[in-house]
Amino acid sequence: MPEGPSVRKFQLLTSPFVGQVVTKVGGRSQKLNVNELNALRLQDSQVHGKNLYLEFVAAEGPFAPTAEETALQREAACGAPCPAQGQQGQAGAPHSQHEELQEAQHSGSEAPEAAEGRGNWLRIHFGMFGSVRANEFSRANRANKRGDWKDPVPRLVLHFESGGFLVFYNCRMLWCSSPRADPASDILSVEFHRGRALRALSAPDPICYTLLDQRHFSGLGNIIKNEILYLARIHPLTPGSLLALPDLERLLDCAVQFSSEWLHNKLRGRGLHPRVYQKEQCPLGHPLMKGTFGPSGGFKRLTWWCPQCQPAVL
Numbered sequence: 001m002p003e004g005p006s007v008r009k010f011q012l013l014t015s016p017f018v019g020q021v022v023t024k025v026g027g028r029s030q031k032l033n034v035n036e037l038n039a040l041r042l043q044d045s046q047v048h049g050k051n052l053y054l055e056f057v058a059a060e061g062p063f064a065p066t067a068e069e070t071a072l073q074r075e076a077a078c079g080a081p082c083p084a085q086g087q088q089g090q091a092g093a094p095h096s097q098h099e100e101l102q103e104a105q106h107s108g109s110e111a112p113e114a115a116e117g118r119g120n121w122l123r124i125h126f127g128m129f130g131s132v133r134a135n136e137f138s139r140a141n142r143a144n145k146r147g148d149w150k151d152p153v154p155r156l157v158l159h160f161e162s163g164g165f166l167v168f169y170n171c172r173m174l175w176c177s178s179p180r181a182d183p184a185s186d187i188l189s190v191e192f193h194r195g196r197a198l199r200a201l202s203a204p205d206p207i208c209y210t211l212l213d214q215r216h217f218s219g220l221g222n223i224i225k226n227e228i229l230y231l232a233r234i235h236p237l238t239p240g241s242l243l244a245l246p247d248l249e250r251l252l253d254c255a256v257q258f259s260s261e262w263l264h265n266k267l268r269g270r271g272l273h274p275r276v277y278q279k280e281q282c283p284l285g286h287p288l289m290k291g292t293f294g295p296s297g298g299f300k301r302l303t304w305w306c307p308q309c310q311p312a313v314l
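Quick note: the sequence shown uses UniProt numbering, first residue 1, plus one each step.
In structure tokens, the structure reads:
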């Protein structure tokens with residue numbers, strides 16, 4: 001799923017639309033009535049870790065909903081078909097419960113599990129290959145398993161008064177009262193707290209478990225985990241309590257620097273060139289090991305490491 005740098009880029013795509021009124025909606029979602037967003041104003045856009053938050057408020061003026069539009073929205077909320085939803089993003093099969101399940105399995109404990117009630121903030125958590133497009137739709141770049149060339153089906157399409165639009169793919173959306181976030185744990189936030197992060201890393205758990213704990217390292221995902229452990233020359237299953245403070249500080253430096261550089265490259269249209277993630281050899285030519293690690297009863301993630309560059313701590 002998209003990690004912190006990718007979601008930061010998504011937020012930058014949405015920011016030009018802040019202050020504009022939604023004039024038409026489309027898309028398909030099992031858990032959100034997309035028509036509720038029609039005629040609302042996008043008031044704010046924030047990113048916290050791997051979650052994107054959009055605030056919507058009632059619009060005033062010529063874009064406020066008419067009585068007929070309000071009635072249509074009520075019908076849609078009760079399950080009746082709504083023309084506004086069918087006008088855009090309806091190509092392909094509807095979003096299935098199987099897709100929702102796949103997202104939940106990939107997201108693990110990082111994704112929101114339940115709505116907090118109808119607030120003003122829409123919390124968006126992206127699944128595998130989730131993305132945001134501005135003023136364009138995603139197109140199929142290869143055939144599916146059945147040999148069909150079908151464009152991805154958007155979960156949400158927002159058309160704005162300026163004529164521009166935003167398209168959201170492969171994501172889960174829930175209303176909440178406010179962004180659930182702790183900037184001190186966000187590795188890309190200026191408020192990131194190094195002291196707290198070092199205390200978390202020094203726990204007796206395997207270091208690769210701690211790095212993916214979003215309570216301590218919001219936005220840090222599996223790609224970043226694999227890359228920074230290699231850069232810091234630390235075996236992924238090393239208990240944090242066995243690492244000296246300089247090793248923990250070097251690992252933390254690698255996490256912040258790698259994440260910042262990844263974001264910097266994304267904003268300039270440059271791709272990521274991993275050193276070990278999904279590779280067979282490390283940059284020094286050593287064969288890599290691969291395993292699936294995670295806490296007992298928790299989500300397991302694939303891990304790549306070099307036995308020579310990242311020796312086990314005995």
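We put the beta carbon where it would ideally sit given N, CA and C, even for glycine.
Item to check | Rounded C-alpha distance that separates alanine 67 from leucine 40 | outcome: Taking the sequence shown and counting its residues from 1, the one referred to as residue 67 is at position 67. Taking the sequence shown and counting its residues from 1, the one referred to as residue 40 is at position 40. For alanine 67, the predicted structure reports a pLDDT of 44, less than 50, and the residue's modelled location is therefore unreliable. A value from the coordinates is still provided. Rounded to the nearest angstrom, the two C-alpha atoms are 15 angstroms apart.
Next on the checklist: So, under 8 angstroms CB-CB, leucine 201 and leucine 251 are touching, yes? Tell me the CB distance rounded to an integer number of Å.
Outcome noted: Start at 1 with the first residue of the sequence shown, and residue 201 comes out as number 201. Start at 1 with the first residue of the sequence shown, and residue 251 comes out as number 251. For leucine 201 against leucine 251, the beta-carbon gap comes to about 7 angstroms, under 8 angstroms, which counts as contact.
Checklist entry - What separation, rounded to the nearest whole angstrom, lies between the Cα atoms of phenylalanine 165 and aspartate 44? => result Stepping through the sequence shown from its first residue, residue 165 is reached at position 165. Stepping through the sequence shown from its first residue, residue 44 is reached at position 44. For phenylalanine 165 and aspartate 44, the distance between alpha carbons rounds to 16 angstroms.
Next on the checklist: Three or more C-beta pairs under 8 angstroms: does that hold for the segment 301-311 against the segment 263-277?
Outcome noted: Yes: at least three Cβ pairs fall under 8 angstroms.
Next on the checklist: Applying the 10 Å Cβ sphere with the 16-neighbour rule, what's the burial state of glutamine 20?
Outcome noted: As a first step, residue 20 is located in the sequence shown; it is residue number 20 there, counting from the start. Answer is buried; the Cβ neighbour count reaches 16.
Checklist entry - From which residue to which residue does the alpha helix (DSSP H) around phenylalanine 10 run? => result By 1-based counting over the sequence shown, the position of residue 10 is 10. It spans 4-14 - the alpha helix (DSSP H) in which phenylalanine 10 sits, taken as one unbroken run.
Item to check | Pair within 8 angstroms by beta-carbon distance, leucine 212 and isoleucine 187 | outcome: Within the sequence shown, the letter at position 212 stands for residue 212. Within the sequence shown, the letter at position 187 stands for residue 187. Taking the C-beta atoms as reference points, isoleucine 187 is found no nearer than 8 angstroms to leucine 212.
Checklist entry - What residues match up with threonine 292 in a beta bridge as DSSP calls it? => result Indexing the sequence shown from 1 puts residue 292 at position 292. As DSSP reads the structure, threonine 292 sits in a beta bridge with Leu302.
Next on the checklist: Here's the rule: buried if 16 or more other CB atoms are within 10 angstroms of the residue's CB, otherwise exposed. What is methionine 128?
Outcome noted: Against the sequence shown, residue 128 aligns to sequence position 128. Around the CB of methionine 128, fewer than 16 other CB atoms lie within 10 Å, so the residue is classed as exposed.
Item to check | Every unbroken alpha helix (DSSP H) inside the segment 223-302 [4 residues or more] | outcome: Runs of the alpha helix (DSSP H) spanning 4 or more residues and lying entirely within the segment 223-302 occur at 245-267, in chain order.
Item to check | Rounded distance between the beta-carbons of tryptophan 305 and proline 239, thought under 8 angstroms | outcome: The sequence position of residue 239 within the sequence shown is 239, counting from 1. The sequence position of residue 305 within the sequence shown is 305, counting from 1. Not quite, the Cβ-Cβ distance comes to about 15 angstroms (not below 8 angstroms), so this is no contact.
Checklist entry - Considering isoleucine 207, what are the terminal residues of the alpha helix (DSSP H) in which it resides? => result Position 207 of the sequence shown, counted from the first residue, corresponds to residue 207. Element bounds for isoleucine 207: 207-211.
Item to check | Reduced DSSP secondary structure (H/G/I, E/B, other) of alanine 134 | outcome: To locate residue 134, count along the sequence shown from 1; it is residue 134. Three-state DSSP puts alanine 134 in a strand.
Next on the checklist: Quick check: what's the CA-CA separation for glycine 298 versus glycine 49?
Outcome noted: Sequence index remark: in the sequence shown, residue 298 carries index 298 (1-based). Sequence index remark: in the sequence shown, residue 49 carries index 49 (1-based). Those two C-alpha atoms are separated by around 20 angstroms.
Next on the checklist: For glycine 130, tell me which candidate among Met173, Glu161, Trp121, Trp149 has the shortest Cα-Cα distance.
Outcome noted: As a position in the sequence shown, residue 130 is number 130, starting the count at 1. Checking every option, the nearest Cα to that of glycine 130 belongs to Met173.
Item to check | Residue-level contact to chain D via CB, tyrosine 230, 8 angstroms cutoff | outcome: Considering every chain present, this structure includes no chain D. It has just one protein chain.
Checklist entry - Since arginine 155 and asparagine 170 are thought to touch, with beta carbons under 8 angstroms apart, how far apart are those beta carbons, to the nearest angstrom? => result Taking the sequence shown and counting its residues from 1, the one referred to as residue 155 is at position 155. Taking the sequence shown and counting its residues from 1, the one referred to as residue 170 is at position 170. Contact flag correct, Cβ pair sits at about 7 angstroms.
Item to check | Contacts around arginine 139, its chain only, beta-carbon distance under 7 angstroms, and the 5 residues preceding and following it disregarded | outcome: As a first step, residue 139 is located in the sequence shown; it is residue number 139 there, counting from the start. For arginine 139, where only same-chain residues beyond five positions count, the Cβ hits under 7 angstroms are Asp151.
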